[in-house]
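Chains as they are written, first to last, in our numbering: chain A, 46 to 471; chain B, 48 to 359.
Structure follows, in structure tokens:
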């Protein structure tokens, strides 16, 4: 099956390229905008694009949607960009792909779209993630960071304040669980499935202990990994099923009122506050805890706009990117779709804050959010590390053992970049 | 008769002088080319890729001979995936064969009796096989859900288990959960093939055996089983091939986790090929899977041939 699927992809990338440039014959200029399906009303973006078209007579922007699953999007982009004749002129990429795509020479520098001074209007994290060898290769479109959700009503009932440190979180969760005596209630749920979400959680926990997964102090890294395992094994505040949980399943558990704390992205907020939600009005959001003596370290998420290197419409695409990330457009996307804008000034905008008061709390979190390791090899590394972290979570490996393997593997991958012939092991 | 006339026509024309055999090949040619394009070309392409070092994101594309395969031998993750794949294959195929045999005998008895229940029984049996794997895997993922899943509820209600079992979250259970799902899904396939086999067993043999005083078990052991051996082997070949290449069932249920405890060869190959874009190494993995499947089927073919010779 793999061989067959691979062949199809090979065929489509090798021969499918001839289709590129089609459609240029009808309207005088056609720009194809490829992006994953946005949550919420798709018409908001379409309306914006129509606005842009009206200002540029003869221009036609065609939106082409990809599945929401980001792995599938990455696969699609890689296959098509590698052919050298991608059938699109504008694409939305995950923050963690920018380095890889830039290194591969798939996307064009966009320094002209944002001058260095203009970049200061944006959050620093996404700009760092989009800068490769001193040049900007993508423009941040919307931004995310890990946050801690908590049940205000449960904490109030037991007389606790929201926690600032991980040990505090574990202690409060245990006491509340003891007090509630509800077998369905979990203390703390997070994304523990063997996938990219687990990487975010692990990085957040380790970085909030002053270290990192494949660099930094080893003892503190072990301690952080052990904490993740202990939430399940010794504290008993996290159900073992968390080892299969992704964003949506944790949101679901928390949303049904079956969890006290949850690590998730800000997107969950509006769903938790929806009419009919069992936890409506009972939820609070705070920065993720840290270990004593260290600072909260949320991981940066979000999407960016980029342009294929071979696009024949470079001029107009740059203008379109500039339009989509302009203060006005960002304001509209934030108002109507609820995406967190990339421009810092919008977080003091009265009309926006009135409709989305959460943005005020998110501002310091987004400002401090750090990208996942900024390297073109990130996906290779992540893929090699995920199984080990997952094995720690379910108790298959000790933190020390897993950390040893992780650091050895990452060193191998990073080291092999200098001797390309040996690259490829994972 | 027609062959001769064809030869005569050729002679009359006097232009083409080919043997019957050559003509045969000529006519079969288009079919050969089609099969070659559909089956051989992709395999060859993958084999060729597996001899290359190809990482598009780094602009690496070079011929490296067997280096990818040498790397396979040192790769712990590859061997772990091999073990998981074989474990999954042995468990699921044997369970499917045994259960399938049971269902086939049952259905065969039902059809002896006739009646309208038979069609319903057929439909019920074939249903799991007809549902797309991705859909049924998702359904099973819900059944396995530890807090609200049906499975834990039933086990608890029946008093079999005390608390909840994390079917997918527990690395010891996860692979078995995938096996159970696969058995549920593909037992019908085994059952239907075996049922077809049972229909071909001449009833006179059973009648004769009964006259000789053979009991049900003796009849099964001396008549049904030996005569069904070729079908059993065919079921084994088909099911083993599928189990070795298993992807969607496991991927939807667990994605290979937790802690890689359910990562089969195809999932490892998928991640290498499509998530980290190591085309060369990923193709070597896919080829290894192909070789494993080929070896197992060769084993079965040898078994089948020996059996046919023995019974002849």
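A virtual CB, placed ideally from N, CA and C, is assigned to each residue, including glycine. Predicted model only: the values in this text are computed from it and were never measured.
- It is roughly 14 Å from the alpha-carbon of residue 84 (chain B) to the alpha-carbon of residue 75 (chain B).
- At least one CB atom of chain B sits nearer than 8 Å to the CB of residue 424 (chain A).
- Taking CB atoms only, residue 321 (chain B) has a neighbour in chain A less than 8 Å away.
- If you check each beta-carbon in the segment 432 to 446 of chain A against every beta-carbon of chain B, the ones closer than 9 Å belong to 432, 433, 434, 435, 436, 437, 438, 439, 440, 441, 442.
- With fewer than 16 other Cβ atoms from the protein chains shown falling within 10 Å of its own Cβ, residue 80 (chain B) counts as exposed.
- For residue 331 (chain A), the uninterrupted beta strand (DSSP E) segment begins and ends at 328 to 331.
- In the three-state reduction of the DSSP assignment, residue 124 (chain A) falls in the helix class, which pools H, G and I.
- Residue-level contact check: residue 421 (chain A) touches chain B, since one or more beta carbons of chain B fall below 8 Å from its beta carbon.
- In summary, residue 324 (chain A) is buried, with 16 or more beta-carbon neighbours lying within 10 Å of its beta-carbon over all protein chains present.
- In the DSSP assignment, residue 187 (chain A) is bridged to A:348.
- Residue pairing from DSSP places residue 108 (chain A) in a beta bridge opposite A:78.
- Beta-bridge partners assigned by DSSP to residue 194 (chain A): A:307, A:330.
- Note on geometry: alpha-carbon atoms of residue 372 (chain A) and residue 149 (chain A) lie some 31 Å from one another.
- Between the segment 269 to 278 of chain A and the segment 193 to 209 of chain A, the count of Cβ pairs shorter than 8 Å is below three; the stretches do not touch.
- For residue 388 (chain A), DSSP records a beta bridge to A:167.
- Taking the C-beta atoms as reference points, residue 349 (chain A) is found no nearer than 8 Å to residue 211 (chain A).
- Residues of chain A whose Cβ lies closer than 7 Å to the Cβ of residue 324 (chain B) are, in chain order, 123.
- DSSP, reduced to helix, strand and coil, places residue 136 (chain A) within a strand of the structure shown.
- Between the segment 240 to 257 of chain A and the segment 334 to 351 of chain A there are three or more inter-stretch CB-CB distances shorter than 8 Å, so the stretches are counted as touching.
- By the Cβ-count criterion, residue 99 (chain A) is exposed, with fewer than 16 other Cβ atoms from all chains shown falling within 10 Å of its own Cβ.
- Annotated as distal: residue 309 (chain B) and residue 184 (chain B), with beta-carbon spacing of 8 Å or more.
- In the structure shown, residue 113 (chain A) falls within a coil segment according to DSSP collapsed to helix, strand and coil.
- Taking the Cα positions, residue 272 (chain B) is about 18 Å away from residue 348 (chain B).
- Residues of chain B whose Cβ lies closer than 8 Å to the Cβ of residue 145 (chain A) are, in chain order, 104.
- Between the alpha carbons of residue 300 (chain B) and residue 187 (chain B) lies a gap of roughly 8 Å.
- Taking a contact to require three or more Cβ pairs closer than 8 Å, the segment 225 to 236 of chain A and the segment 305 to 314 of chain A qualify as touching.
- Annotation for residue 261 (chain B): no alpha helix (DSSP H) segment contains it, and DSSP assigns it neither H nor E.
- Taking 8 Å as the upper bound for CB-CB distance, residue 291 (chain A) and residue 236 (chain A) are in contact here, some 6 Å apart.
- Taking the Cα of residue 254 (chain B) as reference, the smallest distance to any Cα among B:266, B:243, B:245, B:246 is reached at B:266.
- Interface annotation, residue 285 (chain A): in contact with chain B, CB-CB separation under 8 Å.
- Counting C-beta atoms within 10 angstroms of its own C-beta, residue 263 (chain A) has fewer than 16 neighbours from the protein chains shown and is therefore classed as exposed.
- Residues of the segment 233 to 249 of chain A that bring their beta carbon within less than 7 Å of a beta carbon in chain B comprise 238, 239, 240, in sequence order.
- Taken in chain order, the complete alpha helix (DSSP H) segments of 4 or more residues contained in the segment 363 to 421 of chain A are 372 to 382, 395 to 400, 403 to 413.
- For the 8 Å CB-CB criterion, residue 310 (chain A) and residue 440 (chain A) do not form a contact.
- Residues of chain B with a Cβ closer than 9 Å to the Cβ of residue 115 (chain A) do not exist, since the nearest Cβ in that chain sits about 11 Å away.
- Here the C-alpha atom of residue 313 (chain A) lies approximately 13 Å from the C-alpha atom of residue 331 (chain A).
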